[in-house]
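Just add 73 to the spot in the sequence shown (first one is 1) and you have this note's numbering.
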Amino acid sequence: LLSIAVVVGVVVVGFLDGRNSNNSSRGSHDEEEDHPTPSLAPSFDAFSNSCAVSFDYSEELMSERYMQLRSTILADARTNTTIHTPLSTIQRLALCWVADFDTLELTKEDDFVQRFIVAMIYFRWVTSKPDMMIAGDRLETRNWLTGVHECDWDFINCTDGKEVQRLRLSGLGLAGEIPTELFLLPSLVFLDLSFNDLTGELSSEMWSTAKQLQVLNVGANHLTGTIPEDALRNLQELRYLSIANNRLTGTIPSLWNLTQLRKLYVGGNEVRGPFPDLSASTKLETLVLSSLDDLTGTIPDYIWTFTNLDHLSLHATSLSGTIPTSIGSLEKLEFLDLSGSNFNGTIPSEMGRLSTLEQMRLQNNPSLSGTVPPEVCSLRLAAAECILVPRQLPCDCCVRSAQC
């Protein structure tokens, strides 16, 4: 409890030290929207004494407004299945701030439950890594936990009805596990947590209430464990999924129900096993399963029927087999990388039908044989005719260096 109080103190002092200097450098975007002037966060003594130190006592000793709002939260459909008494430390911090220190004057008609949820997200990250002063350096100096509507806090976009719809939290140095509170926001369709220091696993419970998500990006973190198939079954509206460049293990599960998926990035993990079942994702435009040393087997035939595919990257894997003539049906393909794998056979002349192709990378496939067909050379690819092939293949139009 003492450590929580110290963390809250660090956060609030950061508020007071950074508020004036940061308001003047928010950028032209905020000035054009003419946001209200943010109010100062509560003082260290008042907030820490009332919200952190008081955790030594029963919740019944909190303010009357705190108890009224707690009753509403326990009954609200968004929170009544996940929040129970006694409230956790994070939940009490968030509710105490909303009830007694939030300078935005909320009425009974206002949706303070959403504000409470976003405040929980804030405190979850602040208390997870106080040594980096996550809030002091990144979130709170961007006007989180101030007296303006949460839809006007940076990195948040809302619907016309003031419901949180998008959270853009990429590259903020956020640490700890992904807060489950994120998925209590019923209108959230876009969540970008990429390029942070997040750890932990992708639990099934995390996504059980996120059926409306369309974009989920947790790439370039330090996530571990396996990819939960049962969790993915809930995300039937998903258009964009990136779990690339983490430390995920196991196999890539079947994505048979993700019929709306357009872009999939799984590369740069420690997964193993065969090519995943993507047969239902017929709308795929981008598929990146690269830098997966233990991805084995062959490319399924149905991949060559995905006529919307414009980016296919399967480099640095253990995939094998031949490149089929049906690859010529991918008429929108712009980027093809099958390098650093175990493909064999010849390069089919049907690849000359890929008129939109800009880059083709086939190098470091020692079992490829034959010659580069003249139909492929006639494509006149962009980027210095960027055709990279194994050195053993005769080719008059190929780049032998790493120019592309």
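The C-beta atom is built at its ideal place from N, Cα and C for all residues, glycine as well.
What separation, rounded to the nearest whole angstrom, lies between the Cα atoms of residue i and residue j?
i, j, result
"GLU178", "THR324", "50 Å"
"GLY234", "GLU223", "13 Å"
"ILE376", "GLU358", "11 Å"
"GLU254", "GLN436", "46 Å"
"TYR313", "MET135", "43 Å"
"LEU275", "SER327", "16 Å"
"VAL186", "ASP173", "14 Å"
"GLY370", "ASN153", "46 Å"
"SER277", "LEU305", "8 Å"
"ASN269", "ARG320", "14 Å"
"ARG411", "SER363", "According to the sequence displayed, residue 411 carries Leu and not Arg. Going from the Cα of LEU411 to the Cα of SER363 covers about 9 Å."
"PRO463", "ASN438", "6 Å"
"ILE194", "LEU311", "22 Å"
"ASN342", "PRO373", "21 Å"
"ASN330", "GLN309", "6 Å"
"LEU466", "CYS450", "13 Å"
"ILE396", "LEU242", "40 Å"
"MET140", "ASP184", "17 Å"
"THR27", "VAL199", "Coverage of the chain is limited to positions 74 through 477, which leaves residue 27 absent and any answer about it impossible."
"ARG345", "LYS356", "25 Å"
"GLY425", "ASN381", "18 Å"
"ASP366", "CYS231", "41 Å"
"THR419", "LEU368", "22 Å"
"LEU452", "TRP280", "45 Å"
"MET433", "GLY413", "13 Å"
"THR162", "LEU334", "38 Å"
"LEU142", "ILE229", "24 Å"
"THR322", "HIS157", "33 Å"
"PRO347", "ILE300", "14 Å"
Short of 8 Å in beta carbon distance, which residues of its chain neighbour residue i, apart from the five on each side in sequence? Order them along the chain.
i, result
"THR429", "ASP383, GLU404, LYS405, LEU406, GLU407"
"GLN285", "PRO259, SER260, LEU261, VAL262, GLU310"
"CYS468", "THR444, VAL445, CYS450, ILE460, VAL462"
"ASP59", "Here the chain comprises residues numbered 74 to 477, so residue 59 is not present and cannot be evaluated."
"LEU271", "LEU247, ALA248, GLY249, GLU250, ILE251, VAL291, ASN294, HIS295, LEU296"
Can you determine whether any heavy atom of the ligand FAD sits closer than 8 Å to the C-beta of residue i, and answer yes or no?
i, result
"ILE194", "The ligand content of the structure shown is nil, which means the ligand FAD is not present either."
Does the Cβ of residue i have 16 or more other Cβ atoms within 10 Å, making it buried, or fewer, making it exposed?
i, result
"GLN238", "buried"
"LEU147", "exposed"
"ASN290", "buried"
"ALA150", "exposed"
"HIS388", "buried"
"PRO349", "buried"
"SER144", "exposed"
"THR282", "buried"
"GLY394", "exposed"
"PRO115", "Note that PRO115 has pLDDT 39, beneath the 50 cutoff, so the model's placement of it is unreliable and the number below is only indicative. Under this definition PRO115 is a buried residue."
"ASN318", "buried"
"ASN307", "buried"
"ASN294", "buried"
"GLY340", "buried"
"GLY244", "exposed"
Can you check whether the CB of residue j is closer than 9 Å to the CB of residue i?
i, j, result
"LEU266", "ILE251", "yes"
"ASN415", "SER442", "no"
"THR378", "SER399", "yes"
"GLY249", "ARG165", "no"
"PHE189", "LEU168", "yes"
"PRO446", "PRO421", "yes"
"GLU431", "GLY401", "no"
"GLY246", "GLY273", "no"
Residues in its own chain within less than 6 Å of residue i by CB, not counting five upstream and five downstream?
i, result
"LEU427", "LEU406"
"SER440", "ASN417"
"PHE263", "ARG239, VAL288"
"LEU360", "LEU337, LEU385"
"SER315", "ASN290, GLY292, TYR338"
"GLU236", "SER260"
"LEU351", "LEU328"
"LEU409", "LEU385, MET433"
Within a Cβ cutoff of 7 Å, which residues of the same chain sit near residue i, ignoring the five residues on either side of it in sequence?
i, result
"ARG138", "ALA172, ASP173"
"LEU257", "ARG151, THR152, THR155, ILE190, THR282"
"ALA192", "ALA167, TRP170, VAL171, LEU218"
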